[in-house]
Amino acid sequence: MVHPYAVAGFLVAVLPLVATPGASLALLIRHVIDSGRRQALPVILGTVTGLYIHATLAIAGLSALVMESSLAFSAVKLIGAVYLIGLGIWTWRSAAPNAAPSPYRPRLPKGADSVYAQALLANVLNPKAAAVYLTLVPQFVAPRQSFGGQILALATAHALLITLWLAVWSFLALRASHTLHRPRFKRAAAKATSAVLITLGIRSAVA
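Its first residue numbered 37, the sequence shown is counted upward by one per residue in the numbering used here.
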């Protein structure tokens with residue numbers, strides 16, 4: 037079992053990363069504004085699932101292989117960047133006033149348009165999230181104890197921190213629900229979200 041001081045130190049170290057606006061927060065605000073508080077849960081669950089996937093890959097050593105191979109790492113970065121940019125473009129186009137289903141309206145592949153899938157893929161395809169478990173987590177594990185158990189414990193602490201952070205933002209969005217549900221504001225929020233996603237994708241591609 038990981039030492040409580042190690043968990044506390046890890047949370048302090050990872051807090052700036054959690055607090056930095058990213059795809060999960062952008063998706064949360066977008067979907068809460070668009071469809072209400074129920075959409076916060078799938079965003080949180082998708083993000084948390086992504087964290088556990090990264091933790092599992094780190095335990096198995098698969099993430100280390102990707103990080104050590106410049107070609108594999110570049111491929112992951114490119115896939116993640118393309119996904120974020122594509123999601124951003126789709127969000128922008130879907131925010132058009134009086135948008136209605138038509139053969140010309142952009143759609144995500146079947147299954148990929150679920151809120152949970154969007155949050156999951158945004159996290160899994162983020163190589164920086166994998167880097168947390170390959171560079172930061174090892175600083176807080178004891179070599180003489182269960183390596184896998186300690187990583188899962190830190191991942192759980194990480195997941196709880198992100199859940200709390202996103203829940204707070206969901207609450208703030210709901211407090212302003214009267215303003216947020218105005219059609220003009222919803223369109224502006226959707227376009228702002230798409231701009232964030234596209235910016236994150238471009239930054240990931242060129243970093």
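For every residue, glycine included, the Cβ atom is placed at its ideal position computed from N, Cα and C.
Since we're looking at a predicted model, the values are computed, not measured.
Review point. How would you call residue 180, buried or exposed, if buried means at least 16 neighbouring beta carbons within 10 angstroms?
Key: Looking up residue 180 in the sequence shown gives position 144. Residue 180 should be labelled exposed.
Practice item. Using a threshold of 8 Å, state whether the C-beta atoms of residue 50 and residue 155 are closer than that. Key: As a working mapping, residue 50 is identified with position 14 in the sequence shown. As a working mapping, residue 155 is identified with position 119 in the sequence shown. No.
Check your understanding: If you drop the 5 nearest sequence neighbours on each side, which residues of the same chain put their C-beta closer than 8 Å to that of residue 87?
Key -> In the sequence shown, residue 87 corresponds to position 51, counting from 1. Excluding positions up to five away in sequence, the list reads 159, 165, 191, 194, 195 and 198.
Review point. Taking all protein chains shown into account, do 16 or more other C-beta atoms lie within 10 angstroms of the C-beta of residue 55, making it buried, or fewer, making it exposed?
Key: Sequence index remark: in the sequence shown, residue 55 carries index 19 (1-based). Residue environment: residue 55 is assigned as exposed (fewer than 16 neighbouring CB atoms within 10 Å of its CB, all protein chains considered).
**Study point:** Candidates 163, 81 and 97, of which the one nearest residue 184 by Cα
**Key:** In the sequence shown, counting from the first residue as 1, residue 184 sits at position 148. With distances taken between Cα atoms, residue 184 lies closest to 97.
Review point. Can the beta-carbon of residue 241 be found less than 8 Å from the beta-carbon of residue 62?
Key: The sequence position of residue 241 within the sequence shown is 205, counting from 1. The sequence position of residue 62 within the sequence shown is 26, counting from 1. No, the Cβ-Cβ distance between residue 241 and residue 62 is not below 8 Å.
Exercise for review: Provide the residue span of the alpha helix (DSSP H) that contains residue 75, from first to last.
Suggested key: Within the sequence shown, residue 75 is the residue found at index 39, counting from 1. Looking at the DSSP string, residue 75 is not in any alpha helix (DSSP H), and its letter there is neither H nor E.
**Study point:** For residue 150 and residue 1, the rounded distance between their alpha carbons
**Key:** This structure cannot speak to residue 1, because the chain is shown only from 37 to 243.
Exercise for review: Use the C-beta contact count for residue 40: other C-beta atoms within 10 angstroms, 16 or more gives buried, fewer gives exposed.
Suggested key: Counting from 1 along the sequence shown, the entry for residue 40 is found at position 4. Classification of residue 40: exposed, given that the 10 Å Cβ count is below 16.
**Study point:** Between the CA atoms of residue 76 and residue 201 - distance to the nearest angstrom
**Key:** Here residue 201 is taken as the residue at index 165 of the sequence shown, counted from 1. Here residue 76 is taken as the residue at index 40 of the sequence shown, counted from 1. Cα to Cα, the separation comes out at about 12 Å.
Exercise for review: Could you check the C-alpha separation between residue 147 and residue 153 for me, to the nearest Å?
Suggested key: Numbered from 1 along the sequence shown, position 111 holds the residue referred to as residue 147. Numbered from 1 along the sequence shown, position 117 holds the residue referred to as residue 153. Because the pLDDT of residue 147 is 44, which lies under 50, any placement of that residue in the model is unreliable, and the question is left without a value.
Point to revise | Neighbour flag for residue 75 against chain C, beta carbons, 8 Å | key: Of the chains in the structure shown, none is chain C; there is only one protein chain.
Check your understanding: Can you tell me whether residue 48 is buried or exposed, with buried defined as 16 or more other CB within 10 angstroms of its CB?
Key -> Along the sequence shown, one-based indexing puts residue 48 at 12. So residue 48 counts as exposed.
Exercise for review: Look at residue 167 and residue 43 and say whether their C-beta atoms are less than 8 Å apart.
Suggested key: Your numbering for residue 167 matches position 131 in the sequence shown. Your numbering for residue 43 matches position 7 in the sequence shown. No; because the gap between Cβ atoms is not below 8 Å, this pair is not in contact.
Exercise for review: Can you give me the start and stop residues for the alpha helix (DSSP H) that residue 162 sits inside?
Suggested key: What you label residue 162 is simply residue 126 of the sequence shown in a count that begins at 1. Per DSSP, residue 162 lies in no alpha helix (DSSP H) and is assigned neither H nor E.
Review point. Rounded to a whole number of angstroms, what is the C-alpha to C-alpha distance between residue 106 and residue 163?
Key: Numbered from its first residue, the sequence shown carries residue 106 at position 70. Numbered from its first residue, the sequence shown carries residue 163 at position 127. Each residue's alpha carbon lies about 12 Å from the other.
Practice item. Mind checking which residues open and close the alpha helix (DSSP H) that includes residue 66? Key: Here residue 66 is taken as the residue at index 30 of the sequence shown, counted from 1. Note, residue 66: alpha helix (DSSP H), 59-71.
Practice item. Within 10 angstroms of the Cβ of residue 204, are there 16 or more other Cβ atoms? Answer buried if so, exposed if not. Key: Position 168 of the sequence shown, counted from the first residue, corresponds to residue 204. Classification of residue 204: exposed, given that the 10 Å Cβ count is below 16.
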